[in-house]
Amino acid sequence: MTQTAEPAPRSFLDELKDGVTPRATLLVVGVLALQLLFIASYVGALHHPKLRDVPFGVVAPRAAAEQAVTRLEGLPGEPLDPRTVADRAAARERIVDREIDGALLIDPAGTTDTLLVASGGGRTLANALATLVTALERSEGRTVRTVDVAPADTGDANGLTSFYLVVGWCVGGYLCASALAMSAGARPTNIRRGIIRLGALALFAILGGLGGAVIAGPVLGALPGSLAALWGLGALVVFAVGAATLALQCVFGIAGIGVAVLLVVIAGNPSAGGALPPPLLPPFWAAIGPALPPGAGVWVARSIAYFEGNDTTGPLLVLSAWAVAGAAITVAMAALRKKPTDRPAPDRSTSDRPADRPASDRPASTQQASDRPASTQPASDRPIS
Numbered sequence: 000m001t002q003t004a005e006p007a008p009r010s011f012l013d014e015l016k017d018g019v020t021p022r023a024t025l026l027v028v029g030v031l032a033l034q035l036l037f038i039a040s041y042v043g044a045l046h047h048p049k050l051r052d053v054p055f056g057v058v059a060p061r062a063a064a065e066q067a068v069t070r071l072e073g074l075p076g077e078p079l080d081p082r083t084v085a086d087r088a089a090a091r092e093r094i095v096d097r098e099i100d101g102a103l104l105i106d107p108a109g110t111t112d113t114l115l116v117a118s119g120g121g122r123t124l125a126n127a128l129a130t131l132v133t134a135l136e137r138s139e140g141r142t143v144r145t146v147d148v149a150p151a152d153t154g155d156a157n158g159l160t161s162f163y164l165v166v167g168w169c170v171g172g173y174l175c176a177s178a179l180a181m182s183a184g185a186r187p188t189n190i191r192r193g194i195i196r197l198g199a200l201a202l203f204a205i206l207g208g209l210g211g212a213v214i215a216g217p218v219l220g221a222l223p224g225s226l227a228a229l230w231g232l233g234a235l236v237v238f239a240v241g242a243a244t245l246a247l248q249c250v251f252g253i254a255g256i257g258v259a260v261l262l263v264v265i266a267g268n269p270s271a272g273g274a275l276p277p278p279l280l281p282p283f284w285a286a287i288g289p290a291l292p293p294g295a296g297v298w299v300a301r302s303i304a305y306f307e308g309n310d311t312t313g314p315l316l317v318l319s320a321w322a323v324a325g326a327a328i329t330v331a332m333a334a335l336r337k338k339p340t341d342r343p344a345p346d347r348s349t350s351d352r353p354a355d356r357p358a359s360d361r362p363a364s365t366q367q368a369s370d371r372p373a374s375t376q377p378a379s380d381r382p383i384s
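Counting from 1, position 298 in the sequence shown corresponds to residue 297 in numbering that gives the first Met the number 0; the numbering is continuous, with no gaps.
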């Protein structure tokens, strides 16, 4: 009886090669890159807030207004972008229209001026303007009184509810798209499958938009404004981010999820104007924020809640562009995907297996052996009694 030789023990290097494949290595390296970019983006954007070119109005008699504008334009670091405004009503209207972020009403007959701000657009920005203007007024022996013309709601203490609401919608969008990809493959196999995925995402967006608006509004009382308008915004944000994620997965495969995280979470969230409104962000983040879904969504949410829905056309077009482009790329990539070709059936007529041949075509020895009765078989093949 022969013994089977035991396989040689595997070395640690062999186990390492099987345990950590090149694909897994690339994915881990990609995750490390995303982690470092996350830290660099958030810390880089938020560690040193500084006023830059804040649209700012000045109300005063003509000569005094021009003198004040010239003085504000000459401030170190150019924190303000001042312009003259006709009167208090016009200044308030421009703030509500989101054309300016604050205004100084100079009283030439007295020593106390009035600063108009809007904490609904970001309490950090309102406080920064108050600090700057108070220091300027004090240097000239004057005082300032601050008036909030669009105050953040009492349930929205730091003006961050709109930011967290939009972040939640964005997370829902790319997680839904990721789940669809993980359950049925990153790329739809045909146009119908692509449309089905987009339809499922649209239904999810409608439910997610409604849920977020209800929680932030009626349930928690954290954000005022029209429930219907916030619902519509939420559905658009969720679908825009989800469609973009589906498109990225069609182009890059499962790695498209990482690209979506890079655009939405790493680049989009710190530049969205949530913790720091755009005038307080470094130039790079202030520039990219309005073009990404989180930044566009936060701007519209604050406009709905505190600014009578003003100045929302541009951000809504940005969100619509992400939604349309994502859906179009998803469908196009599904249409371009090659269908698997059917394998030709094997030609059994050319088979050389003896079992497939007629008995008459088999070799004589084979046919005789198979037809031989058991009693006539050689003695070596008979059982021993």
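Quick reminder that beta carbons are idealized off the backbone N, C-alpha and C, glycines included.
{"Item": "Burial state of Asp13, where buried means 16 or more other Cβ atoms lie within 10 Å", "Value": "exposed"}
{"Item": "Nearest-angstrom Cβ-Cβ length linking Ala300 and Leu232, presumed shorter than 8 Å", "Value": "6 Å"}
{"Item": "Among Tyr305, Leu316 and Phe283, nearest to Pro292 - alpha-carbon criterion", "Value": "Leu316"}
{"Item": "C-beta contact flag for Ala62 and Ile105 at 8 Å", "Value": "no"}
{"Item": "Element boundaries [alpha helix (DSSP H), containing Thr311]", "Value": "No alpha helix (DSSP H) contains Thr311, which DSSP labels as neither H nor E."}
{"Item": "8 Å Cβ shell around Lys16 - same chain, five flanking residues per side excluded", "Value": "none"}
{"Item": "Three-state secondary structure (DSSP) of Pro54", "Value": "strand"}
{"Item": "Neighbourhood of Thr375 by C-beta distance below 6 Å, restricted to the same chain and skipping five residues each side", "Value": "With a pLDDT of only 44 at Thr375, under 50, the local geometry of the prediction cannot be trusted, and no value is derived from it."}
{"Item": "Heavy atom of the ligand SAM within 7 Å of Gly172 beta-carbon", "Value": "The ligand SAM is not part of this structure, which contains no ligands at all."}
{"Item": "Pick from Ile253, Ala39 and Val28 that is closest to Met181, judged by C-alpha positions", "Value": "Ile253"}
{"Item": "Inter-residue spacing [alpha-carbon to alpha-carbon] between Thr188 and Leu197", "Value": "14 Å"}
{"Item": "Pro24 to Leu35 span [Cα, whole Å]", "Value": "The amino acid occupying residue 24 in the given sequence is Thr; Pro does not appear at that position. Taking the straight line joining both Cα atoms gives about 17 Å."}
{"Item": "Chain B within 8 Å of Gly120, Cβ atoms only", "Value": "As a matter of chain content, chain B is missing from the structure shown, which is built from one protein chain."}
{"Item": "Residues bridged to Gly101 [DSSP beta-bridge criterion]", "Value": "Phe55"}
{"Item": "Residues that DSSP places opposite Thr110 in a beta bridge", "Value": "None, per the DSSP bridge assignment."}
{"Item": "Alpha-carbon to alpha-carbon, Val57 and Ala67", "Value": "7 Å"}
{"Item": "Run of the alpha helix (DSSP H) containing Leu280, from where it starts to where it stops", "Value": "First-last for Leu280: undefined, no H or E at that position."}
{"Item": "Secondary structure of Phe11, DSSP reduced to three states", "Value": "helix"}
{"Item": "The region 113-132 contacting the region 257-276, beta-carbon criterion three pairs below 8 Å", "Value": "yes"}
{"Item": "Val84: first and last residue of the uninterrupted alpha helix (DSSP H) it sits in", "Value": "Looking at the DSSP string, Val84 is not in any alpha helix (DSSP H), and its letter there is neither H nor E."}
{"Item": "Alpha-carbon spacing of Ala39 relative to Ala271, whole angstroms", "Value": "16 Å"}
{"Item": "Rounded separation between Pro282 and Gly43 - CA only", "Value": "11 Å"}
{"Item": "Inter-stretch contact at 8 Å, needing at least 3 Cβ pairs: the region 75-93 / the region 154-165", "Value": "no"}
{"Item": "Distance between Arg93 and Val84 (C-alpha atoms, nearest Å)", "Value": "9 Å"}
{"Item": "Rounded C-alpha distance that separates Pro48 from Phe55", "Value": "18 Å"}
{"Item": "Outcome for Asn268 when other beta-carbon atoms lying within 10 angstroms are tallied against a minimum of 16", "Value": "buried"}
{"Item": "C-alpha gap between Ala324 and Ala242, whole angstroms", "Value": "8 Å"}
{"Item": "Limits of the unbroken alpha helix (DSSP H) element including Arg122", "Value": "Arg122 to Ser138"}
{"Item": "Neighbourhood of Asn157 by C-beta, 6 Å cutoff - its chain only, sequence neighbours within 5 removed", "Value": "Arg122"}
{"Item": "Three-way DSSP call (helix, strand, coil) for Thr188 in this model", "Value": "coil"}
{"Item": "Own chain, CB closer than 7 Å to Trp284, minus 5 neighbours either side, in chain order", "Value": "Ala44, Pro269 and Ser270"}
{"Item": "Test item: CB-CB of Ala176 and Asp147 under 8 Å", "Value": "no"}
{"Item": "Residue from Tyr173, Val218 and Ile195 with nearest C-alpha to Leu262", "Value": "Tyr173"}
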